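These notes concern the structure reproduced below.
Residue numbers (my numbering): 121 to 569.
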């Protein structure tokens, strides 16, 4: 049969190509590796051998077969890290023709349909008011003949406002506002004419996309978050700005750890980004965030010596950035000593070095304002992890439970809950039935679980 008779399934192919090879994480997964992974997963899941092979995958990718058997679809969803058949281009034959050309929500920049409005609270009045305000501003520019680039500066200020408020505002509140602002940013990007104007709006769009990814991920929707990280990365690549690319990827990896994405995938992302940005002579905050992400990754992988070396590099870079930084210490766009001490706390706690973790936590808490509740809670939870590692499971569980119970529910983000889960995972089985542990288990569960 000629392949031209079918509509190629690019969604499945792209999902495979963005998945790192198990043997060479810097390369994409091959069809043979995907077939082997599917067969291994099905054998572990069902106890029965299966017949996935390169030829069968080929028929899926060229679009000859759009609706594989249920077990194969389930295995492919798991191995490729997606949440639905539609994301892999699968649908029953009777619907295939209607779906040609369909793209899943959020793979296009700024398609907000996949974010449920119920998670954001009442939006209609705020959205309508902001739309009217921007339309009036555009009319004023047209009638008055003002420079259209004036509006670009406003957008840079909006991004700074989001980035500075990230540590204080609840993720749901941030997402509520982003859902209003992002479509307007998309429209403003479409109106940009001058090269510099386009670059500024691309940077704005990349940062807003990353903020959407963070907010959605903190609310527990890892699948939608991963789509937005992909969009933010594409926008950063379009800017050809290495430090912005590093910032987006560093933030993605840190949040990917909270989402418990596969370690080989996150390590591959870190390596690929480092290779692309190289050793910049004047590194910016993005390079520091990428180093911080790598230090955490290596600590989770129990590669202590490598993680310590990355921390050493991060300290040097922090000193360099502090010497020339006059920005806001609390902006997620920047890097400051408190971010270094926070990273040190997490890394040393993961490596079981309670003494250094305690010292770093003390330095961080001395700098964090009281209204940075999530940051301070996360540091406290890693203190609880240290207690469990020192064979005091009851005290560790009690401390973690108290920290989470005192944190307002809207601030119990996925990152904070992940720190609590690490405490829970470290508790010996013999102590797992204690009331302190049961109470902690309830608090780290995702909302609605």
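Beta carbons: idealized from backbone N, C-alpha and C, even for Gly.
This structure is a prediction, so every number in the text was calculated from the model and none was measured.
Practice task
Within 10 angstroms of the Cβ of residue 334, are there 16 or more other Cβ atoms? Answer buried if so, exposed if not.
Solution key: Numbered from its first residue, the chain shown carries residue 334 at position 214. Classification of residue 334: buried, given that the 10 Å Cβ count is 16 or more.
Practice task
Counting only the same chain and skipping the five closest in sequence on each side, list residues whose C-beta sits under 8 Å from that of residue 236.
Solution key: Looking up residue 236 in the chain shown gives position 116. Confidence in residue 236 is poor, its pLDDT being 43 and thus under 50, which makes the residue's placement unreliable; the coordinate value appears in the next sentence. Same-chain partners within the cutoff: there are none.
Problem - Collapsed DSSP secondary structure at residue 140 in the structure displayed - result: As a position in the chain shown, residue 140 is number 20, starting the count at 1. Strand, per DSSP.
Problem - Of the listed residues 162, 211, 183, nearest to residue 199 (C-alpha basis) - result: By 1-based counting over the chain shown, the position of residue 199 is 79. It is 162.
Problem - Spatial neighbours of residue 558 in its chain, beta-carbon cut-off 7 Å, leaving aside the 5 residues before and after - result: Stepping through the chain shown from its first residue, residue 558 is reached at position 438. No residues qualify anywhere along the chain.
Handout entry: Other residues of its chain near residue 293: CB distance less than 6 Å, five sequence neighbours each side excluded
Key = Translated into the one-based positions of the chain shown, residue 293 becomes position 173. Once the five neighbours on either side are set aside, residue 293 has no close Cβ partner at all.
Practice task
Helix, strand or coil for residue 548, going by three-state DSSP, please let me know.
Solution key: Within the chain shown, the letter at position 428 stands for residue 548. In this structure, residue 548 counts as coil in the three-state DSSP scheme.
Handout entry: C-alpha gap between residue 136 and residue 173, whole angstroms
Key = On the chain shown, position 16 is the one that residue 136 refers to. On the chain shown, position 53 is the one that residue 173 refers to. In a straight line, the C-alpha of residue 136 is about 14 Å away from that of residue 173.
Handout entry: Identified DSSP bridge partners for residue 148
Key = Position 28 of the chain shown, counting from 1, holds the residue named residue 148. Paired residues: 140.
Practice task
Could you say if the stretch 402-414 and the stretch 429-445 meet the contact criterion of at least three C-beta pairs nearer than 8 Å?
Solution key: yes
Practice task
Report the rounded CA-to-CA distance for residue 171 versus residue 299, giving the unit in angstroms.
Solution key: Here residue 171 is taken as the residue at index 51 of the chain shown, counted from 1. Here residue 299 is taken as the residue at index 179 of the chain shown, counted from 1. Residue 171 and residue 299: Cα-Cα distance of roughly 45 Å.
Problem - DSSP three-state assignment for residue 328, whether helix, strand or coil - result: For the purposes of this step, residue 328 is identified with residue 208 of the chain shown, where counting begins at 1. Reduced to three states, the DSSP call for residue 328 is helix.
Problem - Segment limits, alpha helix (DSSP H) that includes residue 493 - result: Translated into the one-based positions of the chain shown, residue 493 becomes position 373. That run of the alpha helix (DSSP H) goes 493-509.
Problem - Nearest residue (CA-CA) to residue 455, options 464, 482, 480, 408 - result: For the purposes of this step, residue 455 is taken as residue 335 along the chain shown, with counting starting at 1. Per the Cα distances, 408.
Practice task
Report yes if the C-beta distance between residue 507 and residue 539 is below 8 Å; otherwise report no.
Solution key: Locating residue 507 in the chain shown gives position 387, where the first residue counts as 1. Locating residue 539 in the chain shown gives position 419, where the first residue counts as 1. Not in contact: residue 507 and residue 539 (Cβ atoms no closer than 8 Å).
Exercise for the section: Taking the CB atoms as reference points, tell me whether residue 273 and residue 495 lie closer together than 8 Å. Expected result: Numbered from 1 along the chain shown, position 153 holds the residue referred to as residue 273. Numbered from 1 along the chain shown, position 375 holds the residue referred to as residue 495. No; because the gap between Cβ atoms is not below 8 Å, this pair is not in contact.
Exercise for the section: From the DSSP output, in three-state form, read off residue 452 for me. Expected result: Counting from one through the chain shown, the residue named residue 452 turns up at place 332. If DSSP states are grouped into helix, strand and coil, residue 452 belongs with coil.
Exercise for the section: Report yes if the CB atom of residue 471 is closer than 8 Å to the CB atom of residue 424, and no otherwise. Expected result: Here residue 471 refers to the residue found at position 351 of the chain shown. Here residue 424 refers to the residue found at position 304 of the chain shown. Against a cut-off of 8 Å, the Cβ pair of residue 424 and residue 471 comes out as a contact.
Practice task
Determine the closest residue to residue 478 out of 491, 498, 492, 489, with distance taken between C-alpha atoms.
Solution key: As a working note, residue 478 is residue 358 in the chain shown. Checking every option, the nearest Cα to that of residue 478 belongs to 498.
Exercise for the section: Assign residue 281 to one of two classes, buried (16 or more other C-beta atoms within 10 Å of its C-beta) or exposed (fewer than that). Expected result: Taking the first residue of the chain shown as 1, we reach residue 281 at position 161. Counting Cβ neighbours within 10 Å, residue 281 comes out exposed, since fewer than 16 surround it.
Practice task
Identify the continuous alpha helix (DSSP H) that holds residue 194 and give its terminal residues.
Solution key: For the purposes of this step, residue 194 is taken as the residue at position 74 of the chain shown. That run of the alpha helix (DSSP H) goes 190-200.
Exercise for the section: Look at the alpha carbon of residue 330 and the alpha carbon of residue 512, and state the distance between them as a whole number of angstroms. Expected result: Here residue 330 refers to the residue found at position 210 when the chain shown is read from its first residue. Here residue 512 refers to the residue found at position 392 when the chain shown is read from its first residue. One C-alpha to the other measures close to 39 Å.
Handout entry: For residue 146 and residue 134, the rounded distance between their alpha carbons
Key = Walking along the chain shown from the start, residue 134 turns up at place 14. Walking along the chain shown from the start, residue 146 turns up at place 26. Distance between the alpha carbons of residue 134 and residue 146: 16 Å.
Practice task
With a 10 Å radius around its C-beta and 16 neighbouring C-beta atoms as the bar for buried, classify residue 370 as buried or exposed.
Solution key: Walking along the chain shown from the start, residue 370 turns up at place 250. Looking at its Cβ environment, which holds 16 or more other Cβ atoms inside 10 Å, residue 370 is buried.
Handout entry: DSSP three-state assignment for residue 215, whether helix, strand or coil
Key = Residue mapping note: residue 215 aligns to position 95 of the chain shown, counting from 1. Annotation note: pLDDT 43 at residue 215 (below 50); position unreliable, coordinate value reported separately. It is helical.
Problem - Sufficient close CB pairs (3 or more, under 8 Å) joining the stretch 526-533 to the stretch 355-375 - result: no
Exercise for the section: Keeping to the same chain, check which residues put their C-beta closer than 7 Å to that of residue 323; ignore five residues upstream and five downstream. Expected result: Start at 1 with the first residue of the chain shown, and residue 323 comes out as number 203. Only 359, 361, 364 meet the Cβ criterion.
Handout entry: residue 409: first and last residue of the uninterrupted alpha helix (DSSP H) it sits in
Key = Looking up residue 409 in the chain shown gives position 289. Element bounds for residue 409: 405-420.
Handout entry: Residue from 411, 318, 291, 327 whose Cα sits closest to the Cα of residue 535
Key = In the chain shown, residue 535 corresponds to position 415, counting from 1. Among 411, 318, 291, 327, the Cα nearest to that of residue 535 is on 291.
Practice task
For residue 152, I'd like the list of residues in its chain whose CB is within less than 8 Å of its CB, leaving aside the five on either flank, ordered along the chain.
Solution key: Position 32 of the chain shown holds residue 152. Excluding residues within five positions, the ones whose Cβ falls inside 8 Å are 174.
Practice task
Could you say which of 138, 177, 150, 169 lies nearest to residue 128 if we only look at CA atoms?
Solution key: One-based indexing of the chain shown puts residue 128 at position 8. Of 138, 177, 150, 169, the residue nearest in Cα terms is 177.
Handout entry: First through last residue of the alpha helix (DSSP H) which encompasses residue 362
Key = Start at 1 with the first residue of the chain shown, and residue 362 comes out as number 242. Where residue 362 is concerned, the enclosing alpha helix (DSSP H) stretches over 362-378.
Problem - Between the CA atoms of residue 464 and residue 422 - distance to the nearest angstrom - result: Start at 1 with the first residue of the chain shown, and residue 422 comes out as number 302. Start at 1 with the first residue of the chain shown, and residue 464 comes out as number 344. Those two C-alpha atoms are separated by around 15 Å.
Exercise for the section: Helix, strand or coil for residue 230, going by three-state DSSP, please let me know. Expected result: In the chain shown, residue 230 corresponds to position 110, counting from 1. Caution applies to residue 230, whose pLDDT of 43 falls short of 50 and renders its modelled position unreliable; the value that the coordinates give is listed next. DSSP places residue 230 in coil when its eight states are reduced to three.
Exercise for the section: For residue 195, collect the residues of the same chain with a Cβ closer than 7 Å to its Cβ; drop the 5 residues on either side in sequence, then sort them by chain order. Expected result: What you label residue 195 is simply residue 75 of the chain shown in a count that begins at 1. Cβ within range, chain order: 158, 161, 162.
Practice task
In the DSSP assignment, find the unbroken alpha helix (DSSP H) run with residue 292 in it and report its ends.
Solution key: Working through the chain shown from its first residue, we reach residue 292 at position 172. Taken as a continuous stretch (DSSP letters only), the alpha helix (DSSP H) holding residue 292 covers 291-311.
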